[in-house]
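Trainee: Mind looking over this structure? Questions follow.
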Amino acid sequence: IVNEFLWSLGITMYSLVMARMGTEFIAARNISSTIENFGFVIFGGLASATVVMVGAELGRNNFTQAKYNAKKLLQLTVMTAVVTGLIIILLSRIIVNFYNIDQGLKNIVLTIIIIVGISQPIKMFNAVNIVGVLRSGGDTRAAMIIEIASLWGVGIPLVAVTGLVLKWPLTLVYVAMMIEELFKAILGVRRTLTWKWLKNVVD
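Positions 1156 to 1358 (our numbering) are the ones given, in order, by the sequence shown.
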């Protein structure tokens, strides 16, 4: 509950900061979020499959197989995300032309969509690693700390500083937003490799 509350509050803070940056950023963000949501449909399924396949082995105290399943599913996630990202990049111009916006905003949105495509592997790795791997072993506290620290400690401050203080271009502010995902990945990988999540939460 605490995790969901702080995460929701963080997203609200993102929205407030973006609102201060102007309607162009809000429009660009809304369009890119729509595209990202298509990716999350695929990787939400992968995260659920990871919970089942890793959690089942943990329930049998088969920690070696659970570790193997986690590694393979994370590898599959990254490979699938690379393909998804490439498709997004290849279709970026077609996607942008669906929207009735001026050419200047189209150029901004096009660049942001390409950034979205490039960031797919790391974003989807984080989603499956945190939701599928760490939480399957009941490591919810670590998962919460990773998500909240990344959002409040990196993402929101970076967007606020680059967007409101330094007045960076919208595309560079969006790149700054992606640093949150990089930070989250570093923390997530370090936690996963401790193998402290390899626990039977059923017994």
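All residues carry an ideal CB built from backbone N, CA and C; glycine is no exception.
If we ignore side chains and look at the alpha-carbon of each, how far apart do residue 1283 and residue 1255 end up?
Mentor: So the alpha carbons of these two residues sit roughly 34 Å apart.
Trainee: Please tell me whether residue 1240 and residue 1272 are closer than 7 Å, where the distance is taken between their beta carbons.
Mentor: Result yes, Cβ atoms of residue 1240 and residue 1272 sit closer than 7 Å.
Trainee: Quick check on residue 1226: does DSSP put it in helix, strand or coil?
Mentor: Residue 1226: helix per DSSP, three-state reduction.
Trainee: Taking the continuous alpha helix (DSSP H) assigned at residue 1346, which residues delimit it?
Mentor: Here the alpha helix (DSSP H) through residue 1346 covers 1325–1347.
Trainee: Looking only at its chain, what residues have a beta carbon closer than 8 Å to the beta carbon of residue 1297, apart from the 5 residues adjacent to it on each side?
Mentor: For residue 1297, where only same-chain residues beyond five positions count, the Cβ hits under 8 Å are 1289, 1346, 1351 and 1352.
Trainee: What residue range is occupied by the uninterrupted alpha helix (DSSP H) comprising residue 1163?
Mentor: That run of the alpha helix (DSSP H) goes 1157–1176.
Trainee: Alpha carbon to alpha carbon, what distance is there between residue 1210 and residue 1263?
Mentor: Going from the Cα of residue 1263 to the Cα of residue 1210 covers about 42 Å.
Trainee: Helix, strand or coil: how does DSSP classify residue 1357 here?
Mentor: Coil at residue 1357, not helix or strand.
Trainee: Residue 1207: which of 1299, 1196, 1221 and 1197 sits nearest, CA to CA?
Mentor: Among 1299, 1196, 1221 and 1197, the Cα nearest to that of residue 1207 belongs to 1221.
Trainee: Count the CB pairs spanning the stretch 1229–1240 and the stretch 1274–1282 that are closer than 8 Å, and state whether there are at least three.
Mentor: Yes, the stretch 1229–1240 is in contact with the stretch 1274–1282.
Trainee: Out of curiosity, what's the CA-to-CA distance linking residue 1276 and residue 1336?
Mentor: Going from the Cα of residue 1276 to the Cα of residue 1336 covers about 10 Å.
Trainee: Apply the 10 Å Cβ neighbour rule to residue 1362 and answer buried if 16 or more other Cβ atoms are within range, or exposed otherwise.
Mentor: The requested residue 1362 does not occur in the structure, where the chain is confined to residues 1156 to 1358.
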